[in-house]
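Residue numbers (our numbering), protein chains in the order written: chain A, 36 to 334; chain B, 554 to 907; chain C, 2 to 295. The beta-carbon is built from N, C-alpha and C at its ideal position, and this holds for glycine as well. Since the model is a prediction, treat every value here as computed from it, not as a measurement. To keep things clear, I will list the structure first and then write my remarks on it.
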Amino acid sequence: MILTPKARRKNWGLAALFLFPSLFIFGVFTFYPFFENFRLAMFQTPPYPGLPSKYIGFSQYASILSSSEFMQSLLSTLFFVLLVVPTGLLLGLALAVAAHKALRGMAIFRVIFSSTVVTSVAVGALIFGTLMNPIVGFLPWLGINPNPPLLQSPTWALPSIAAMAIWQFLGLSFIVMLAGLQSLPDDVLEASRVDGAGAWTTFWRVTVPMLSPTIFFGLVVGTIYAFQTFGQIDILIGSQNASQLHVNVLLYYIYQSIQGTNPDPGQAAVLSIVLFVIILIFTLLQLRFVERRVHYAGK
Amino acid sequence: MATVSFQGTTKRFGDVTAVDALNLDVEDGEFLVLLGPSGCGKTTALRMVAGLEDVSEGIIAIDGNDVTGLEPQDRDVAMVFQSYALYPHLSVARNIEFPLRKRISSKEERQRLVLDVAKSLDLDEYLDRKPGQLSGGQRQRVALARAIVRQPAAFLMDEPLSNLDAKLRIQTRAEIVALQARLGTTTLYVTHDQVEAMTMGHRIAVMNDGILQQVATPSELYENPQNVFVARFVGNPGMNIVTGVVDSEARSIHLGGVDASPGFLHDDAYQFNGPLSLGFRPESVALSSTGLPGSVSLIERLGSEVHVVVTIETGEILTVRQAANEVIPSLGDSVHLAVTGKVLAFDAQTGERR
Amino acid sequence: MPASSAPPQLASPAPKVTHHLLNYRLRLIARYLILTVGSLIVIIPIYLAIVNSLLVPSQLAHQPPPFFPTNPQWHTYPDAWSSGHLGVYIRNSLIQTIIIVSLQIVTSVLAAFAFAFLEFPFKRTLFVIFLSTLMIPFEVTVTQNLSTISSLGWMNTFQGLTVPFLATGFGVFLLRQAFLSLPPELREAALLDGYGNVRFLTRVVLPLSRPVIAALAVFSFLGSWNQYLWPLLVSGNDNKIRTVQIGLKQLAATQLDQINVSLAGTVIAFLPLIILLIIFQKQLVRSLTAGSVK
Chain A
36 MILTPKARRK NWGLAALFLF PSLFIFGVFT FYPFFENFRL AMFQTPPYPG
86 LPSKYIGFSQ YASILSSSEF MQSLLSTLFF VLLVVPTGLL LGLALAVAAH
136 KALRGMAIFR VIFSSTVVTS VAVGALIFGT LMNPIVGFLP WLGINPNPPL
186 LQSPTWALPS IAAMAIWQFL GLSFIVMLAG LQSLPDDVLE ASRVDGAGAW
236 TTFWRVTVPM LSPTIFFGLV VGTIYAFQTF GQIDILIGSQ NASQLHVNVL
286 LYYIYQSIQG TNPDPGQAAV LSIVLFVIIL IFTLLQLRFV ERRVHYAGK
Chain B
554 MATVSFQGTT KRFGDVTAVD ALNLDVEDGE FLVLLGPSGC GKTTALRMVA
604 GLEDVSEGII AIDGNDVTGL EPQDRDVAMV FQSYALYPHL SVARNIEFPL
654 RKRISSKEER QRLVLDVAKS LDLDEYLDRK PGQLSGGQRQ RVALARAIVR
704 QPAAFLMDEP LSNLDAKLRI QTRAEIVALQ ARLGTTTLYV THDQVEAMTM
754 GHRIAVMNDG ILQQVATPSE LYENPQNVFV ARFVGNPGMN IVTGVVDSEA
804 RSIHLGGVDA SPGFLHDDAY QFNGPLSLGF RPESVALSST GLPGSVSLIE
854 RLGSEVHVVV TIETGEILTV RQAANEVIPS LGDSVHLAVT GKVLAFDAQT
904 GERR
Chain C
2 MPASSAPPQL ASPAPKVTHH LLNYRLRLIA RYLILTVGSL IVIIPIYLAI
52 VNSLLVPSQL AHQPPPFFPT NPQWHTYPDA WSSGHLGVYI RNSLIQTIII
102 VSLQIVTSVL AAFAFAFLEF PFKRTLFVIF LSTLMIPFEV TVTQNLSTIS
152 SLGWMNTFQG LTVPFLATGF GVFLLRQAFL SLPPELREAA LLDGYGNVRF
202 LTRVVLPLSR PVIAALAVFS FLGSWNQYLW PLLVSGNDNK IRTVQIGLKQ
252 LAATQLDQIN VSLAGTVIAF LPLIILLIIF QKQLVRSLTA GSVK
């Protein structure tokens with residue numbers, strides 16, 4: 036606002052001082068490692084620690100991306116995302132619609148539905164690990180007693196982990212949807228009712244289109260959340276079995292490349308770039324196909 | 554106490570010139586009103602004095618010293634904002650005290666000053682309240698108190714009354730005038746409301762499109778506007794303007810090619826020759842049996858007086874001010890107008906006074 | 002509507018009203034049904050975890066499963082606390098979280114203030130750079146960060162655990178929006194009153210932005226308390242800085258008869274957050290929905 040030359044000079048210094056801490060952290064821990072990935076991806080990790088790593092250029096991408104292990108990991112990841120995000124968002128929307136009206140007891144329902152947002156990956160994993168235990172708890176009592184048990188089955192391990200992730204994502208999805216619903220102008224909804232539309236028509240023809248920015252936001256957030264999931268797999272399944280149970284999602288694959296006795300930074304770098312590109316593509320796709328149909332009120 | 558002067562002061566925002574080479578001197582102790590329609594540059598001019606806006610060209614001087622490059626806090630001016638800009642998290646007392654904290658180190662002295670000012674503005678009961686708990690008028694007084702308390706060289710007021718309801722506005726208008734008279738502090742007051750300007754200012758500076766139109770006392774401004782813009786903007790309703798050709802020798806006035814001299818009775822109308830814009834106040838024209846023919850297009854009844862709006866044959870619209878007890882025509886009636894009072898002549902092209 | 006004066010053709014709405022009322026009641030019942038089912042989905046896992054944490058080991062595999070702990074084994078909680086080193090882990094988590102939350106607020110406030118109130122060259126570009134950090138998930142940078150931390154000698158230290166998270170693009174964005182929504186006249190009034198940038202920040206901006214800062218604090222508390230990947234990598238083999246989440250992994254039962262203890266540990270780690278949620282629900286919702294509405 037102050038534009039006298041003297042003040043402007045004074046501002047430069049202060050701005051630099053104020054921005055420096057954030058910029059420094061971002062530089063060292065976000066941008067440097069991000070771009071370093073692209074360099075590391077060109078080098079093959081030596082078979083024995085201590086030997087110099089060897090420049091092999093883009094052929095490392097080719098060899099990793101064409102491996103069956105990577106393909107399986109990619110498919111598991113995409114399957115996982117497709118299971119978690121739409122289900123989580125729909126459940127969140129349904130509960131938000133149900134809890135939206137100011138009726139008796141809504142405050143309690145809202146706290147309950149939001150509560151899974153504070154559960155950590157480890158907490159969720161331990162709770163669900165017990166729930167899905169083949170001996171303990173409800174599943175055998177309900178007559179669900181598959182062999183091999185859920186978390187040891189190549190067919191059911193991934194959907195089981197997805198169920199946990201949906202449960203944990205439900206809180207966030209609910210909060211976002213409820214806030215979206217509450218930000219809708221009442222008069223438009225009332226106008227629709229007065230114009231003779233029933234509750235069902237109003238919901239699909241008016242509420243959902245007007246809620247589309249929120250749904251879009253939920254899609255982006257949910258996708259990023261789903262790609263980040265790997266703690267449940269680490270706790271309940273572990274790295275030895277992840278691959279054969281088809282739960283070796285990309286992030287866990289990266290984790291295994293840098294952990295353990297034989298870390299492979301080159302492979303981890305390639306996988307990190309792939310993960311980044313996939314998340315980017317998902318976000319851009321959502322921007323392109325969803326946001327086009329998104330109705331932004333008042334813009 | 555101080556003078557404030559603009560010397561060729563110009564402000565550009567990109568390609569737009571908001572204030573164009575403004576030359577204006579505010580005298581010591583004067584209450585000067587900057588008047589103009591919205592977007593005319595009056596607020597920008599005020600903000601340049603405050604130091605909130607950069608000056609593109611020219612200088613601003615306070616008490617003869619060039620302050621163009623100074624920080625706002627170094628200019629010794631206080632400002633009352635349209636929105637009051639009270640700090641919502643501070644009590645009334647702390648709001649008033651806020652500008653003193655850097656200037657006066659003694660806490661007792663600060664509190665004494667705050668209390669004095671609060672008492673003089675009837676705010677002493679509300680010192681512990683937050684701005685959110687006050688009415689609009691009280692908030693406005695807190696904003697005034699915050700400006701007064703530090704005894705600045707000049708007050709800058711940016712439409713301080715526009716957020717008040719009509720009745721309170723009239724009351725506060727008088728209070729500010731009395732306050733300024735008591736303190737004798739040079740005041741620069743921005744408004745778009747010409748009634749406010751006429752009732753408050755010692756002098757009024759009228760601006761339009763960034764250009765200063767005229768600086769004069771309220772009565773001078775009303776009687777002798779320097780151009781068509783000022784004539785139309787000042788007064789409620791503004792001056793009537795018709796454009797025609799005057800021949801002073803033949804004592805004729807042609808409006809739209811038709812001789813209209815029967816409508817102009819006053820000698821003023823025939824002083825100049827050629828194409829002219831002729832201006833006359835609504836009280837200088839009356840309904841008559843002869844004169845300019847036209848039809849009544851609107852009637853506004855204001856209680857004690859009535860404004861009869863007549864569209865004459867050239868399509869120009871004139872307003873006649875009548876007392877409520879006179880005979881009022883009906884809408885659509887054919888009438889004649891006669892200009893009985895003073896007529897001002899303006900250049901038909903430039904709009905400047907002849 | 003007085004019945005006596007009603008014209009005959011208006012007599013028919015009477016049954017329609019009851020029909021509507023019935024409809025309304027049905028919808029209300031349906032609504033509460035959905036709410037109840039939803040609540041059960043959310044609560045049952047948590048409830049069972051609490052019940053199971055209190056069971057005698059022999060009851061764990063009992064069919065049908067007990068719905069109530071008939072013989073509650075409260076000692077599982079002290080057991081989990083001591084055998085799982087939960088005291089140490091919770092302390093570590095608290096230290097880690099307090100460092101991250103407080104310093105994230107400091108760096109975000111400073112940067113947001115610069116973007117909202119100061120003029121400097123390349124402002125837009127720098128802001129875009131800040132925003133672009135939101136596009137790079139931490140997981141993508143984790144490999145290289147691990148070697149940075151390790152070459153700094155920060156493995157198994159709180160610096161290593163926290164420093165990479167001391168700046169947040171989200172926080173800067175959130176606070177900048179809040180700062181920009183303050184009336185600009187306040188800034189100008191403060192300038193005229195002789196308050197420079199730093200005093201304006203501390204005397205006006207911070208007190209007025211308390212709700213948003215609280216929202217950021219709750220959000221970043223949740224994020225850092227529940228971190229999993231990074232603490233796992235940095236504190237891998239050392240009790241010294243191991244956080245609760247990693248501690249829970251260690252506590253995850255391998256033996257059936259220890260499930261009650263491991264669930265007791267889970268409840269210990271989880272309960273404080275539920276309480277925080279109930280207290281700070283408003284702030285949390287505010288931060289989580291910062292980007293979704295408008």
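- Fewer than three beta-carbon pairs drawn from the region 216-232 of chain A and the region 170-184 of chain A are found closer than 8 Å, and the two stretches are therefore not classed as touching.
- Runs of alpha helix (DSSP H) with 4 or more residues, each lying fully within the region 677-742 of chain B, are found at 689-701, 719-736, listed in chain order.
- Counted as a single uninterrupted DSSP element, the alpha helix (DSSP H) harbouring A:P300 occupies residues 300-320.
- Using beta-carbon distances, C:A179 does not count as an interface residue toward chain B, since no partner is under 7 Å.
- Contacts between C:E186 and chain B, judged by CB atoms closer than 7 Å, involve F634, S636, A638 in chain order.
- Where A:S292 is concerned, the enclosing alpha helix (DSSP H) starts and stops at 285-293.
- When Cβ-Cβ separations below 7 Å define contact, B:K655 makes contact with chain C.
- Straight through space, the alpha carbons of A:F93 and A:P298 are spaced by roughly 20 Å.
- Contact annotation: the region 62-80 of chain C does not touch the region 100-108 of chain C, with fewer than three C-beta pairs closer than 8 Å.
- Residue-level contact by beta carbon fails for B:Q779 and chain C, as no gap is shorter than 7 Å.
- Listed by position along chain C, the residues whose Cβ is nearer than 7 Å to that of B:H642 are P208, L209.
- A:M167 and A:L185 have their C-alpha atoms some 7 Å from each other.
- Counting C-beta pairs closer than 8 Å gives fewer than three between the region 877-890 of chain B and the region 22-33 of chain C, which falls short of the contact rule.
- At least one CB of chain A lies nearer than 7 Å to the CB of C:N53.
- Counting only runs of at least 4 residues, the region 165-206 of chain A fully encloses the following alpha helix (DSSP H) elements, listed from N- to C-terminal order: 173-176.
- For C:P67, the secondary structure class from DSSP, reduced to helix, strand or coil, is coil.
- Leaving aside the five residues that flank B:A700 on each side, the residues in its chain whose CB is nearer than 7 Å to its CB run, in chain order, A631, M632, V633, F708.
- Annotation for C:V206: no alpha helix (DSSP H) segment contains it, and DSSP assigns it neither H nor E.
- By the Cβ neighbour-count rule, C:A31 is exposed, with fewer than 16 other Cβ atoms within 10 Å of its own.
- Looking at the backbone, the Cα of C:Q284 and that of C:Q178 are separated by about 16 Å.
- Here the C-alpha atom of A:A226 lies approximately 16 Å from the C-alpha atom of A:L246.
- Just measuring C-alpha positions, the residue of B:F651, B:E662, B:A784 sitting nearest C:L192 is B:F651.
- Flagged as an interface residue toward chain B: C:L193, by a C-beta distance shorter than 7 Å.
- Across the region 208-234 of chain C, CB contacts with chain A closer than 9 Å involve L223, W226, N227, Q228, Y229, L230, L233, L234, in sequence order along the chain.
- Cβ neighbours of C:R28 within its own chain (closer than 6 Å, five residues either side excluded): none.
- Proximity of A:P183 to chain C, defined by a Cβ-Cβ separation below 7 Å, is not satisfied.
- Secondary structure note for B:S850: its beta strand (DSSP E) is the uninterrupted segment 845-854.
- Residues of chain C whose Cβ lies closer than 7 Å to the Cβ of A:N46 are, in chain order, L119, E120, F121.
- Counting only the Cα atoms, C:F114 lies some 8 Å from A:A50.
- Within the same chain, and ignoring the five residues on either side of B:T843 in sequence, the residues whose Cβ sits closer than 6 Å to its Cβ are P815, H889.
- Interface residue (Cβ-Cβ distance to chain B less than 7 Å): C:E140 is not classified as such.
- For B:S887, there is no enclosing alpha helix (DSSP H); the residue is found in the beta strand (DSSP E) stretching over 887-892.
- Ranked by Cα distance from B:M710, the options C:P208, C:N240, C:A190 are led by C:A190.
- Nearest to B:I729 by C-alpha distance, out of B:H745, B:G754, B:N716, is B:G754.
- The region 680-700 of chain B makes no contact with the region 219-231 of chain C, as fewer than three CB pairs between them are under 8 Å.
- In summary, B:E712 is buried, with 16 or more beta-carbon neighbours lying within 10 Å of its beta-carbon over all protein chains present.
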